[in-house]
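Asks: Structure incoming, see below.
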Amino acid sequence: MLKVEGLNVRYGKSHVVFDFSVEVEDGKLLAVLGRNGAGKTTIIRGITGLLPGASGSVSVGGRDMSGWPAHRRTRGGVAYVPSGARCFQNLTVDENLEIASHANGGDRGWTKKRVWELFPKLEGLKNNMAGGLSGGERQMLALGRALMGNPRVMLLDEPTEGLAPVLVQSIGTLLGTLKSTGVSILLAEQNHQMALRVADRAAFIEKGRIVEVLPAARARDSEVLHRILGV
Amino acid sequence: MTPGQVLLFAVGGLANAAYLFIVAAGLSLVFGALRVINMAHGSLYMIAAFVTVVIGNQLGAGLGFWGGMLVAVAVAGAIGGVVEVLVLRRVYGREHLVQLLGTYAVSLIIAGAVRIVFGANYRTIVSPIPGHLDLGGYSYASYSLFMIAAAIAIGCAVWAMLYRTSLGRNIRAAVADPDLLNATGVNVTRLYTTVFMIGAALAGLGGSIVAPSQAVGSSIDTDVLVLAFAISVIGGLGSIVGSAVGALIVGMVISFGLVIPATNPFALAFVFIIMTAVLIVRPRGLFGLPES
Amino acid sequence: MTLVPRSVRPLVWVALALAVTVVVAACGGQPSGNQSQSFKGTKKVGYSAPLTGQSALYGHAVSQSLQLAADDINAKGGVNGYKIEMDIQDDGTTVPQAVSNTKNMILQDNVVALMGSVTSAQCLAESPIAKQNKVITIDATCNSWQLTMQPDIVNPYWVSIVPNTYMEGTAAGRLAAKLNVGKIFIVSPKYLFGISETNAFVAALKKANSSTQIVNDPSTWYVPFPTNPRWDSTINAIQAAKPDLVYSNIFAADQINFIKQALAVDPQFFVKYPMTTLVSVDELNSLGSQYPEGMHAYMRAPFFALQTNNARLTDFISRYRAKYNNEYPSDWAVMDYDAFMLWAQAANAAKSFDADQVIKQVSGHTFDSLRGYKITIRSDELQANVGETTGTTTSSGGTYPFPVLKDVTNLKGDDLLMPLQMVNEIKGNQCDAKAGDPTTASFALCPSWKAS
Ligand SMILES: Nc1ncnc2c1ncn2[C@@H]1O[C@H](COP(=O)(O)OP(=O)(O)OP(=O)(O)O)[C@@H](O)[C@H]1O
Ligand SMILES: [Mg+2]
Numbered sequence: 543m544l545k546v547e548g549l550n551v552r553y554g555k556s557h558v559v560f561d562f563s564v565e566v567e568d569g570k571l572l573a574v575l576g577r578n579g580a581g582k583t584t585i586i587r588g589i590t591g592l593l594p595g596a597s598g599s600v601s602v603g604g605r606d607m608s609g610w611p612a613h614r615r616t617r618g619g620v621a622y623v624p625s626g627a628r629c630f631q632n633l634t635v636d637e638n639l640e641i642a643s644h645a646n647g648g649d650r651g652w653t654k655k656r657v658w659e660l661f662p663k664l665e666g667l668k669n670n671m672a673g674g675l676s677g678g679e680r681q682m683l684a685l686g687r688a689l690m691g692n693p694r695v696m697l698l699d700e701p702t703e704g705l706a707p708v709l710v711q712s713i714g715t716l717l718g719t720l721k722s723t724g725v726s727i728l729l730a731e732q733n734h735q736m737a738l739r740v741a742d743r744a745a746f747i748e749k750g751r752i753v754e755v756l757p758a759a760r761a762r763d764s765e766v767l768h769r770i771l772g773v
Numbered sequence: 020m021t022p023g024q025v026l027l028f029a030v031g032g033l034a035n036a037a038y039l040f041i042v043a044a045g046l047s048l049v050f051g052a053l054r055v056i057n058m059a060h061g062s063l064y065m066i067a068a069f070v071t072v073v074i075g076n077q078l079g080a081g082l083g084f085w086g087g088m089l090v091a092v093a094v095a096g097a098i099g100g101v102v103e104v105l106v107l108r109r110v111y112g113r114e115h116l117v118q119l120l121g122t123y124a125v126s127l128i129i130a131g132a133v134r135i136v137f138g139a140n141y142r143t144i145v146s147p148i149p150g151h152l153d154l155g156g157y158s159y160a161s162y163s164l165f166m167i168a169a170a171i172a173i174g175c176a177v178w179a180m181l182y183r184t185s186l187g188r189n190i191r192a193a194v195a196d197p198d199l200l201n202a203t204g205v206n207v208t209r210l211y212t213t214v215f216m217i218g219a220a221l222a223g224l225g226g227s228i229v230a231p232s233q234a235v236g237s238s239i240d241t242d243v244l245v246l247a248f249a250i251s252v253i254g255g256l257g258s259i260v261g262s263a264v265g266a267l268i269v270g271m272v273i274s275f276g277l278v279i280p281a282t283n284p285f286a287l288a289f290v291f292i293i294m295t296a297v298l299i300v301r302p303r304g305l306f307g308l309p310e311s
Numbered sequence: 002m003t004l005v006p007r008s009v010r011p012l013v014w015v016a017l018a019l020a021v022t023v024v025v026a027a028c029g030g031q032p033s034g035n036q037s038q039s040f041k042g043t044k045k046v047g048y049s050a051p052l053t054g055q056s057a058l059y060g061h062a063v064s065q066s067l068q069l070a071a072d073d074i075n076a077k078g079g080v081n082g083y084k085i086e087m088d089i090q091d092d093g094t095t096v097p098q099a100v101s102n103t104k105n106m107i108l109q110d111n112v113v114a115l116m117g118s119v120t121s122a123q124c125l126a127e128s129p130i131a132k133q134n135k136v137i138t139i140d141a142t143c144n145s146w147q148l149t150m151q152p153d154i155v156n157p158y159w160v161s162i163v164p165n166t167y168m169e170g171t172a173a174g175r176l177a178a179k180l181n182v183g184k185i186f187i188v189s190p191k192y193l194f195g196i197s198e199t200n201a202f203v204a205a206l207k208k209a210n211s212s213t214q215i216v217n218d219p220s221t222w223y224v225p226f227p228t229n230p231r232w233d234s235t236i237n238a239i240q241a242a243k244p245d246l247v248y249s250n251i252f253a254a255d256q257i258n259f260i261k262q263a264l265a266v267d268p269q270f271f272v273k274y275p276m277t278t279l280v281s282v283d284e285l286n287s288l289g290s291q292y293p294e295g296m297h298a299y300m301r302a303p304f305f306a307l308q309t310n311n312a313r314l315t316d317f318i319s320r321y322r323a324k325y326n327n328e329y330p331s332d333w334a335v336m337d338y339d340a341f342m343l344w345a346q347a348a349n350a351a352k353s354f355d356a357d358q359v360i361k362q363v364s365g366h367t368f369d370s371l372r373g374y375k376i377t378i379r380s381d382e383l384q385a386n387v388g389e390t391t392g393t394t395t396s397s398g399g400t401y402p403f404p405v406l407k408d409v410t411n412l413k414g415d416d417l418l419m420p421l422q423m424v425n426e427i428k429g430n431q432c433d434a435k436a437g438d439p440t441t442a443s444f445a446l447c448p449s450w451k452a453s
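Chains as they are written, first to last, in the working numbering: chain A, 543 to 773; chain B, 20 to 311; chain C, 2 to 453.
If you want it as structure tokens, here you go:
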């Protein structure tokens with residue numbers, strides 16, 4: 543379970559995220575929705591421990607990780623899939639996966655073999671440089687890399703950005719499968735339809751603050767969705 | 020020029036290249052991984068040369084050299100660790116000018132300390148590999164051949180470290196995206212310290228290897244830095260292969276350039292002409308990666 | 002705009018503070034001075050010293066010697082009633098730093114005299130500054146004859162008490178000629194000193210023994226200075242040329258590196274290819290027992306060859322060693338002690354620090370030298386008739402931790418000085434010379450030389 547309490551993030555003097563507090567139970571998915579610039583990415587990066595200007599507490603499965611550096615949080619089970627399908631471009635596909643494998647939560651036991659099974663296309667490309675992959679392939683690789691760390695919590699920043707509908711579909715399916723293995727997922731998305739299809743709840747963000755948290759079913763045609771996302 | 024003489028000058032050029040490469044390898048590694056131009060590289064090299072000579076002579080000239088080398092590499096690596104933690108951490112990601120100033124300050128401190136500890140006199144240690152090889156009427160110093168072999172070994176070792184170990188994989192990943200690497204579970208702060216210590220240890224190894232062939236004095240830090248930077252610029256800062264190629268070009272140009280009457284007056288200038296030409300045509304150097 | 006970003010400033014300050022501490026500590030603190038003396042005040046004498054860089058070895062010895070000289074003078078009441086303080090600034094053996102040191106010492110520290118720097122390149126740059134500001138320079142190290150004679154360089158306040166390149170090259174040429182060999186290979190640093198001295202060597206050699214052939218092309222005589230510490234190219238060129246004798250005037254770190262690397266190629270290198278070379282106690286001391294025996298050396302002021310029946314020098318050696326860690330005074334230490342004392346004596350005689358007044362007490366006057374003889378400053382070009390010592394390196398049999406010379410000849414300065422007629426031809430611009438290039442001006446292009 544991921545528990546975030548009173549997360550505040552500042553970039554220098556500008557205060558960007560205000561008192562963000564959520565809980566995501568094991569096997570549940572929280573969609574974080576908001577306009578461009580609302581603060582979704584900042585919230586996620588604040589949870590990863592990558593931002594020096596973040597304060598507040600973060601715990602995973604009851605273990606308090608506040609104050610931990612990013613790499614420890616990752617090893618403690620927090621996987622981050624940044625937006626833009628970021629990969630180590632100068633490393634091979636194979637190395638991109640290898641680099642993330644540190645045995646953690648052995649029961650879920652992700653291996654390269656399982657990633658190849660999940661994304662068969664990647665196996666054929668394993669000796670290619672990640673920089674040469676297509677956007678879709680890179681997104682698969684980014685997801686595969688996150689899984690190699692055997693996460694208990696996954697933080698995904700717009701994983702469907704720029705992908706073809708088929709791929710969006712299969713990523714949705716994958717997230718469903720991951721939930722069923724007990725992973726807590728926090729998903730920032732512009733594609734609210736896809737997000738709300740797999741989400742259990744949705745948090746709406748405006749100017750760095752949560753304005754409302756709704757169960758996914760009610761969020762779908764809520765007033766706040768229309769107001770905030772203009773749909 | 021007879022074929023025997025061509026061989027003689029070619030081996031001379033190789034020895035020169037080996038000397039430059041041994042010094043530049045660590046410089047290149049550090050720049051490649053940390054994007055920091057380490058002005059204190061020559062200082063670490065100098066400290067190691069002194070330590071090698073002093074400890075080596077203490078242990079008994081000749082074989083004592085190897086003991087001196089061990090201590091010297093450890094000392095250089097340890098100083099590198101301290102410098103990374105105290106200085107470099109504060110300048111990563113800043114403009115190169117800030118980094119130059121920071122590491123230059125370190126080099127001044129080390130230069131001063133070396134003068135206090137070791138004095139102004141040149142020190143020497145006899146070669147641990149005496150003897151020479153006679154071939155076609157000319158003699159070749161065994162130690163020069165050893166230096167050539169050592170340069171090749173160091174080049175291969177650094178390459179293998181970068182491309183065949185998980186440490187090297189992490190270093191390459193850090194070059195591309197240190198943030199992502201951090202979020203992938205790697206302690207990038209510690210990785211940087213490790214890389215800098217390896218770079219420092221390589222500087223130390225260079226100083227040790229060079230010590231028996233030179234007068235070790237308190238200015239060898241700057242003697243070597245100019246040419247080491249020249250080869251790094253030609254080959255591409257940050258590329259080990261580039262450093263090797265750069266060293267070969269410079270070594271050969273100097274060796275042949277100086278003995279041919281027509282080119283003698285321009286031999287050294289030619290090194291810098293090549294450097295300038297490379298900068299104009301390919302600013303990142305022959306094998307360098309563009310800065311992101 | 003700030004040049005140094007704020008966050009770096011602490012670092013820079015720490016570095017500066019440490020550097021200052023280091024330099025102060027390295028200078029060994031200030032001498033306590035003689036408390037019973039009362040001085041009218043303090044005056045400074047400047048020396049831009051290569052405490053680092055290619056010639057650090059020399060700068061170290063000279064600085065120590067000048068400090069000792071200043072202490073000695075102050076113990077005797079100073080100069081014109083003033084306490085003299087040495088103002089020694091490191092120039093890293095570079096020309097730009099020597100220039101900026103000289104300006105600092107003259108304009109900020111108001112030095113009353115300067116001691117000449119180590120390399121001729123530095124002196125060439127310092128001389129016009131000293132001349133313009135009317136500060137006397139007593140030079141005991143850089144020795145290109147151009148400094149005191151060539152019209153566009155001459156400085157009326159520049160006094161040389163070191164055998165100049167003409168004198169030294171002549172001594173070396175005669176030494177080599179005596180060996181009567183067939184083939185000579187030349188290696189020399191590519192700047193004013195090397196070119197000037199090599200020209201003199203070749204001229205003297207040709208004059209004394211015309212059958213000798215120089216095997217390497219003149220364009221390969223010179224190596225870049227300061228140079229790459231690897232000497233493969235020169236060593237291999239010698240192997241390829243197989244000369245009977247190598248003539249060199251490379252010095253300090255260059256000579257040590259060259260010798261070490263040549264011996265690694267072949268321990269018999271200098272047996273196969275004996276060498277006539279400029280040497281000082283510093284190179285001998287640095288290489289110690291590794292310094293090859295049988296080298297035909299010419300030296301400017303080796304204490305071991307000059308100390309017999311020379312009480313002043315013996316006393317100097319023991320005081321220098323007592324003060325400085327048992328080090329032996331090098332040629333540079335001996336000559337710069339002379340330089341300082343000569344200036345002090347002349348300034349006292351002039352009862353003034355004014356350069357014109359002091360020069361009057363130098364030009365044509367005679368002084369005692371630590372070298373064991375009297376030296377006279379010839380007024381035509383303010384050059385002292387100092388001698389040169391030649392000999393062959395040999396083990397000192399344990400007396401010193403380095404080799405000394407056997408078959409020593411202490412050549413007399415008067416036998417080496419450039420003939421007056423030639424001096425005047427040079428000063429009068431009567432010699433052919435490539436205009437605008439001091440390094441190509443050769444006395445061998447003077448009418449009197451051509452005639453002889
Ligand atoms: N490094 C930074 N320095 C200063 N301000 C920043 C920085 N990164 C983001 N911001 C600001 O913080 C606010 C939140 O940005 P953030 O990237 O978190 O939004 P987002 O919701 O992820 O937007 P998008 O949907 O476009 O990705 C924005 O106003 C942005 O301008
Ligand atoms: Mg975003």
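Built from N, CA and C at the ideal position, the CB exists for glycine as well.
#1: May I ask whether a heavy atom of ligand 2 can be found less than 7 Å away from the beta carbon of Thr-590 of chain A?
#2: For Thr-278 of chain C, decide whether its Cβ has a neighbour in chain B, counting only Cβ atoms nearer than 8 Å.
#3: Decide if the segment 241-259 of chain C is in contact with the segment 173-184 of chain C; the criterion is three or more beta carbon pairs, one per stretch, under 8 Å apart.
#4: Using DSSP bridges, identify the partner residues of Lys-84 of chain C.
#5: What I want to know is whether the C-beta of Asp-699 of chain A ends up closer than 7 Å to one or more non-hydrogen atoms of ligand 2.
#6: Determine the DSSP secondary structure at Met-696 of chain A, reduced to helix, strand or coil.
#7: Using a C-beta cutoff of 8 Å, does Asp-198 of chain B count as contacting chain C?
#8: With a threshold of 8 Å between beta carbons, is Gln-681 of chain A in contact with chain B?
#9: Kindly confirm or deny that the segment 58-78 of chain C and the segment 266-285 of chain C touch, where touching means at least three C-beta pairs closer than 8 Å.
#10: Nearest chain B C-beta to His-768 of chain A closer than 8 Å, yes or no?
#11: Going by DSSP, what residues sit across from Ile-137 of chain C in a beta bridge?
#12: List the DSSP bridge partners of Val-755 of chain A.
#13: If we count Cβ pairs, one from each stretch, closer than 8 Å, do we get three or more for the segment 415-430 of chain C versus the segment 292-309 of chain C?
#14: For Gly-32 of chain B, which beta-bridge partners are listed by DSSP?
#15: Mapping DSSP to helix, strand and coil, what is Gln-151 of chain C?
#16: Please report the residue range of the alpha helix (DSSP H) in which Asp-267 of chain C lies.
#17: Put Pro-577 of chain A into one of helix, strand or coil per three-state DSSP.
#18: Given a cut-off of 8 Å on the beta-carbon distance, is the pair Ile-162 of chain C and Asn-134 of chain C in contact?
#19: Note the first and the last residue of the continuous beta strand (DSSP E) segment covering Met-276 of chain C.
#20: With a cut-off of 8 Å, does the C-beta of Asn-733 of chain A fall near any C-beta of chain B?
#21: Whole-angstrom Cβ separation of Val-110 of chain B and Gly-121 of chain B, contact assumed at under 8 Å?
#22: Ordered along the chain, which non-local residues of its own chain (more than five positions away) have a Cβ less than 8 Å from that of Arg-10 of chain C?
#23: Ala-266 of chain B and Leu-39 of chain B: beta carbons closer than 8 Å?
#24: Give the residues from the segment 255-267 of chain C that approach chain B closer than 8 Å (Cβ to any Cβ), ordered along the chain.
#25: What residue range does the alpha helix (DSSP H) around Gly-61 of chain B cover?
#26: Could you give the residue range of the beta strand (DSSP E) that holds Ser-158 of chain B?
#27: Mind listing which residues of the segment 182-197 of chain B have their C-beta closer than 8 Å to chain A's C-betas, in chain order?
#28: Which residues of chain B have a Cβ atom closer than 9 Å to the Cβ of Tyr-622 of chain A, listed in chain order?
Replies: So, from the data block:
#1: Within the first sequence, the letter at position 48 stands for residue 590 of chain A. For ligand 2, not one heavy atom lies less than 7 Å from the Cβ of Thr-590 of chain A.
#2: Residue mapping note: residue 278 of chain C aligns to position 277 of the third sequence, counting from 1. Closer than 8 Å: no.
#3: yes
#4: Start at 1 with the first residue of the third sequence, and residue 84 of chain C comes out as number 83. Its beta-bridge partners are C:Thr-43.
#5: As a working note, residue 699 of chain A is residue 157 in the first sequence. The answer is yes for Asp-699 of chain A.
#6: For the purposes of this step, residue 696 of chain A is taken as residue 154 along the first sequence, with counting starting at 1. Of the three classes helix, strand and coil, the one that applies to Met-696 of chain A here is strand, per DSSP.
#7: Sequence index remark: in the second sequence, residue 198 of chain B carries index 179 (1-based). Judged by the 8 Å Cβ criterion, Asp-198 of chain B is not in contact with chain C.
#8: Start at 1 with the first residue of the first sequence, and residue 681 of chain A comes out as number 139. Gln-681 of chain A does not count as touching chain B.
#9: yes
#10: Stepping through the first sequence from its first residue, residue 768 of chain A is reached at position 226. It does not: the Cβ of His-768 of chain A has no partner Cβ on chain B nearer than 8 Å.
#11: One-based indexing of the third sequence puts residue 137 of chain C at position 136. Paired residue(s): C:Ala-114.
#12: Within the first sequence, residue 755 of chain A is the residue found at index 213, counting from 1. In DSSP, Val-755 of chain A forms a bridge with A:Ala-745.
#13: no
#14: By 1-based counting over the second sequence, the position of residue 32 of chain B is 13. According to DSSP, which records beta bridges pairwise, Gly-32 of chain B is partnered with nothing at all.
#15: Numbered from 1 along the third sequence, position 150 holds the residue referred to as residue 151 of chain C. Here Gln-151 of chain C sits in coil by DSSP.
#16: Here residue 267 of chain C is taken as the residue at index 266 of the third sequence, counted from 1. Element bounds for Asp-267 of chain C: n/a, residue is neither H nor E.
#17: Along the first sequence, read from residue 1 onward, the residue named residue 577 of chain A stands at position 35. Here residue 577 of chain A turns out to be Arg, not Pro, going by the sequence shown. In the structure shown, Arg-577 of chain A sits in coil (DSSP, three-state: anything other than H, G, I, E or B).
#18: Numbered from its first residue, the third sequence carries residue 162 of chain C at position 161. Numbered from its first residue, the third sequence carries residue 134 of chain C at position 133. Against a cut-off of 8 Å, the Cβ pair of Asn-134 of chain C and Ile-162 of chain C comes out as no contact.
#19: Numbered from its first residue, the third sequence carries residue 276 of chain C at position 275. Unbroken beta strand (DSSP E) run through Met-276 of chain C: 276-279.
#20: As a working mapping, residue 733 of chain A is identified with position 191 in the first sequence. So, not an interface residue.
#21: If you number the second sequence from 1, residue 110 of chain B lands on position 91. If you number the second sequence from 1, residue 121 of chain B lands on position 102. The pair is a contact, with the Cβ atoms about 5 Å apart (cut-off 8 Å).
#22: Taking the first residue of the third sequence as position 1, residue 10 of chain C is located at position 9. Because Arg-10 of chain C sits at a pLDDT of 45, beneath the cut-off of 50, its placement in the model cannot be relied upon, and the point is left open.
#23: If you number the second sequence from 1, residue 266 of chain B lands on position 247. If you number the second sequence from 1, residue 39 of chain B lands on position 20. Cβ atoms of Ala-266 of chain B and Leu-39 of chain B: closer than 8 Å.
#24: Ile-257, Asn-258, Lys-261, Gln-262, Ala-265, Val-266 and Asp-267
#25: Stepping through the second sequence from its first residue, residue 61 of chain B is reached at position 42. Per DSSP, Gly-61 of chain B belongs to the alpha helix (DSSP H) from 60-78.
#26: If you number the second sequence from 1, residue 158 of chain B lands on position 139. Segment 157-160, the beta strand (DSSP E) holding Ser-158 of chain B.
#27: Ser-185, Arg-188, Asn-189, Arg-191, Ala-192, Val-194, Ala-195 and Asp-196
#28: Along the first sequence, one-based indexing puts residue 622 of chain A at 80. Per Cβ cutoff of 9 Å: Leu-199, Ala-202 and Thr-203.
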